[in-house]
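Enquirer:
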Ligand code: GLU
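Residue numbers (the numbering used here): 76 to 517.
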């Protein structure tokens, strides 16, 4: 069974890049009839906040991305400890005592010589006596995972194809801080093993982590999962923008973007499939395929999102949307107003044309006389707009804009808007006559 996971750190709100990763993991699992897990990576106790955990859940719920299980790393520390013991017994972790400043200096020296800033494994040269001396001084070690330098690291990436890393070119990663707390690398591998995760799909900023983690899986006696790294999301201008890094569900919701629009865009952005306003998840799932993912950065364009949103709003059925519509707005009201909407929120502005109050506009003498006639026109019936304009055309000889515009202005207080044919029956005869009357006589 395919098992994927989304593993956010609750140190902030989800942004559009995280949302995309969550969605793709959900799709990868659902397409295969598998499971999608939510794993809260909260080993950083200081920066992790309960409110962010709640926000992550709320955002996923809004997006319609439902997890088949949820865990948090802070509940699983015993497992990491056991894995650590196992690696320690096998000589795959070692204590190191360098301070941050010492490490920084080492990096600078290497970079200054034009060399890659790879950790020199100085800590491995310490004798037992030297280590004891450090600890006697009260210096607690941090811990590094010892990479196996003899075996090249290879995998076939679901997006990037065959990958090869020379372990000599990687630093032994720090996996545990001097205070005993965990860095991301080992707990993630331990969890992926324990939760039987089969596919790890994440951003390409994790490619070198994957190289390291593949060795961790092997060192822990597990088969590594399949890895895939998607190209990062960039702004329309082609750069990694700060704005994207803080653009989350709240901002989209405020702008009236439907979750379905965001999902339709993100499902296909950066793939060879056309981005289309597809509201049905099943359709998006059917066509979801990692082999369509490109390696070029995916460009996120707000205008494209807004276009998709508008089309999806125009496709919504009354039943789907009724609970979000202004009080009193019925199916006929929805149909009258729907074509004018680019967001559902705008419905209440348009609905005011029916319920009033409407803007009061100024009319010329001539138009006022015309509107006074209109207010007195007999008949209403099934299609009052047709009846009214036909009669006025005959009696006044007006046509086109001169015929229609003063009526629309007097009846709605606006120059444009929903189809009058649909709107007028909703306004109702008495109110319509009163509005015409008011416009005619001020
Ligand atoms: N917590 C990590 C992150 O947010 C998870 C990365 C992963 O998917 O393994 O970057």
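Idealized CB from N, CA, C, for every residue including glycine.
Give a single yes or no on whether residue 248 has its beta carbon closer than 7 Å to a heavy atom of ligand 1.
Expert: No, ligand 1 has no heavy atom inside 7 Å of this Cβ.
Enquirer: Based on the DSSP output, what are the partners of residue 170 in its beta bridges?
Expert: Bridge partners of residue 170: 218.
Enquirer: Determine the burial state of residue 110: buried for a count of at least 16 other Cβ atoms within 10 Å of its Cβ, exposed for fewer.
Expert: With 16 or more Cβ atoms within 10 Å of its Cβ, residue 110 is classed as buried.
Enquirer: If I measure Cβ to Cβ from residue 335 and keep anything under 6 Å in the same chain, skipping five residues before and after, which residues do I get?
Expert: Result list for residue 335: 354, 387, in chain order.
Enquirer: Considering only residues of the same chain and omitting the five flanking positions on each side of residue 241, which have a CB-CB separation below 7 Å?
Expert: Here the set comprises 227.
Enquirer: For residue 80 and residue 288, what's the separation of their Cα atoms in angstroms?
Expert: For residue 80 and residue 288, the distance between alpha carbons rounds to 16 Å.
Enquirer: Report buried or exposed for residue 412, applying the criterion of at least 16 other Cβ atoms within 10 angstroms of its Cβ.
Expert: By the 10 Å Cβ count, residue 412 comes out buried.
Enquirer: Pull the bridge partners of residue 239 from the DSSP assignment, please.
Expert: Answer by DSSP bridge pairing, in chain order: 229.
Enquirer: Determine the contact status of residue 342 and residue 363, defining contact as a CB-CB distance below 8 Å.
Expert: The answer is yes: Cβ separation under 8 Å.
Enquirer: Cutting at 6 Å between CB atoms, please list the residues of its own chain near residue 324, excluding the five before and the five after it.
Expert: Here the set comprises 134, 137.
Enquirer: Hey, would you say residue 237 sits closer than 8 Å to residue 170, going by beta carbons?
Expert: Cβ distance not < 8 Å, so residue 237 and residue 170 don't count as in contact.
Enquirer: Taking residue 246 as the reference, give the member of 159, 207, 224, 252 with the closest Cα.
Expert: Of the candidates 159, 207, 224, 252, the one whose C-alpha sits nearest the C-alpha of residue 246 is 224.
Enquirer: Measure the alpha-carbon distance for residue 251 versus residue 321 and round it to whole angstroms.
Expert: Near 29 Å, if we compare the C-alpha coordinates of residue 321 and residue 251.
Enquirer: Among 279, 373, 125, which one has its Cα closest to the Cα of residue 308?
Expert: Answer by Cα proximity: 373.
Enquirer: Name the DSSP beta bridge partners of residue 374, please?
Expert: Beta-bridge pairing links residue 374 to 309.
Enquirer: Taking 8 Å as the cut-off, decide whether the C-beta atoms of residue 145 and residue 186 are in contact.
Expert: No, they are not a contact pair.
Enquirer: Using CA coordinates, which residue listed in 84, 473, 92, 76 is at the minimum distance from residue 318?
Expert: Ranking 84, 473, 92, 76 by Cα distance to residue 318 puts 92 first.
Enquirer: Return helix, strand or coil for residue 145, following the three-state DSSP convention.
Expert: Residue state, collapsed to three classes: strand.
Enquirer: Does DSSP put residue 434 in a helix, in a strand, or in coil?
Expert: It is coil, neither helix nor strand.
Enquirer: Report the rounded CA-to-CA distance for residue 464 versus residue 351, giving the unit in angstroms.
Expert: Straight-line Cα distance between these residues: approximately 40 Å.
Enquirer: Between 129, 391, 446, which has its C-alpha nearest residue 415's C-alpha?
Expert: Here the closest residue by C-alpha is 391.
Enquirer: At what residue ranges does the stretch 275–302 contain a whole run of the beta strand (DSSP E), taking only runs of 3 or more?
Expert: Within the stretch 275–302, no complete beta strand (DSSP E) run reaches 3 residues.
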